[in-house]
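J.:
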Amino acid sequence: MDAYSHARRDLGQYFTPRWAAEAIVERHFADLAPGCTVVEPSCGDGVFLHALPAHVNAIGVEIDPRWAAKAQRDTGRTVLQGDFLQVSLPIDVEAIVGNPPFNAAIVSRFLERAHTLLGENGRCGLILPAYVMQTSSKVMAMAERWSVAVELMPRNLFPGLSLPLVFSLFTKERERRLFGLFLYPETAGVAEASKGARAVLERSARGGSVWRQAVHDAFDLVADDVAPLDALYRALEGRRPTPNPHFRAKVRQTLQLYSEFEPVERGVWRRSSGEVVEA
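What follows is the structure, given as structure tokens:
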């Protein structure tokens, strides 16, 4: 390995094997329409430019002039020398695919730029270190703008790499969804709940459903057996109320599930007086 390759590795940059780039394109970008524009950011030697079908307009971006020249020479594609975050690109980009530096701050900025470039239903597929997806807060921040699908990849795809890898597909669509990411919305919702609600949900020593207990506690905090949903939400969300839809959906589900709760009118619920949560 030459000195420049060592430097790229120190920056968290690992070149994708050609066969792996082809497999990613076949799996996630086989439906690209003729003439559409696809960008490979931080393209290095241009493995995704090689892998993309000839009928698409593939453009590489590489900050280092030596690798930019090599990628353009080897692939015959247009390669722009510059920073993906700043270089001028077409406004009608349908897809972005690549292997950015393994740095969480850079990945976040790459996704910001990708969102501005892509139109509705545009896709951005990136090889990432798994730690980028390890906290619910980070993933739910992504989910505010993207549908996110994640697949585990072998870390020995890159010799010497010790980090777990994922391939993440970000889709810019109105109805945002998560795939391969279990309990992320729920964890984010519980983390934003009041201290008392978290104690019940996480460590209750009583039997029965912890969500059932939490809703009973909400009625106790409201100090009335008839309460609007918003009041129950606020009781459980504490001093920093959150509109987290997953947390609130669980409260509504619990109200509908147990017989001691009944609707009074739209958005208002009654708890049967004297009911005790069963063990």
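If you want this note's numbering, it's the 1-based position in the sequence shown plus 152. Note that beta-carbon positions come from the ideal geometry of N, C-alpha and C, so glycine has one too. Note that the structure is predicted; figures quoted are calculated from it, not measured.
Below 8 Å between beta carbons: does that hold for VAL191 and ALA173?
T.: Contact flag unset, no.
J.: Using C-beta distances below 8 Å, list every residue in its chain close to ARG170, excluding the 5 sequence neighbours before and after it, in chain order.
T.: Excluding sequence neighbours, ARG170 sits near VAL199, HIS202 and ALA203.
J.: To the nearest angstrom, how far is it from the Cα of SER157 to the Cα of LEU388?
T.: Confidence is the limiting factor: at SER157 the pLDDT is only 46, short of 50, which leaves the residue's position unreliable, though a coordinate-based value still follows. One C-alpha to the other measures close to 53 Å.
J.: Would you give the residue range spanned by the beta strand (DSSP E) that GLU417 belongs to?
T.: Element bounds for GLU417: 413-417.
J.: Looking at the unbroken beta strand (DSSP E) that takes in THR230, where does it start and where does it end?
T.: Looking at the DSSP string, the run of the beta strand (DSSP E) that includes THR230 is 230-233.
J.: Are MET285 and VAL259 touching if we call contact CB-CB under 8 Å?
T.: Result no, Cβ atoms of MET285 and VAL259 do not sit closer than 8 Å.
J.: Have a look at GLU178 and HIS267 and give me their C-alpha separation to the nearest angstrom.
T.: When rounded, the distance between both Cα atoms is 23 Å.
J.: Which residues in the same chain as GLU414 place their Cβ atom closer than 6 Å to its Cβ, once the five residues preceding and following it in sequence are excluded?
T.: Cβ neighbours of GLU414 beyond the five flanking positions: ARG422.
J.: Quick one, which of SER361, ASP216, ARG229 and ILE211 has its alpha-carbon nearest SER240's?
T.: Nearest option by C-alpha distance: ILE211.
J.: For ASN94, which residues does DSSP report across the bridge?
T.: One cannot answer for residue 94 here, as it falls past the ends of the chain, which runs 153 to 431.
J.: Does DSSP classify ILE176 as helix, strand or coil?
T.: ILE176: helix per DSSP, three-state reduction.
J.: Give me the Cα-Cα distance between VAL213 and GLN238, rounded to the nearest whole angstrom.
T.: Using only the alpha carbons, I get a separation of about 10 Å.
J.: What first and last residue would you give for the beta strand (DSSP E) that runs through GLY322?
T.: Residue identity differs from the one stated: residue 322 is Phe in this sequence, not Gly. Start and end: 317-323.
J.: Which runs of the alpha helix (DSSP H), 4 residues or longer, sit entirely within the stretch 279-361?
T.: Listed in chain order, the complete alpha helix (DSSP H) runs (minimum 4 residues) inside the stretch 279-361 are 288-295, 336-343 and 347-355.
J.: Looking only at its own chain, which residues have a Cβ that is under 7 Å from the Cβ of LEU313, when we skip the five neighbours before and after it?
T.: Only TYR166 and ARG307 meet the Cβ criterion.
J.: Decide if ALA370 is buried, meaning its Cβ has at least 16 other Cβ atoms within 10 Å, or exposed.
T.: Buried is the call here.
J.: Please list, in chain order, all residues of the same chain as ASP377 whose beta carbon is under 7 Å from its beta carbon, the five residues on each side excluded.
T.: Only PHE371, ARG422, ARG423 and SER425 meet the Cβ criterion.
J.: Nearest-angstrom Cα distance between THR287 and ASP244?
T.: Answer to the nearest angstrom: the Cα atoms are 32 Å apart.
J.: Evaluate VAL231 with the Cβ neighbour count: other Cβ atoms within 10 Å of its Cβ, from every protein chain shown; 16 or more gives buried, anything less gives exposed.
T.: By the 10 Å Cβ count, VAL231 comes out buried.
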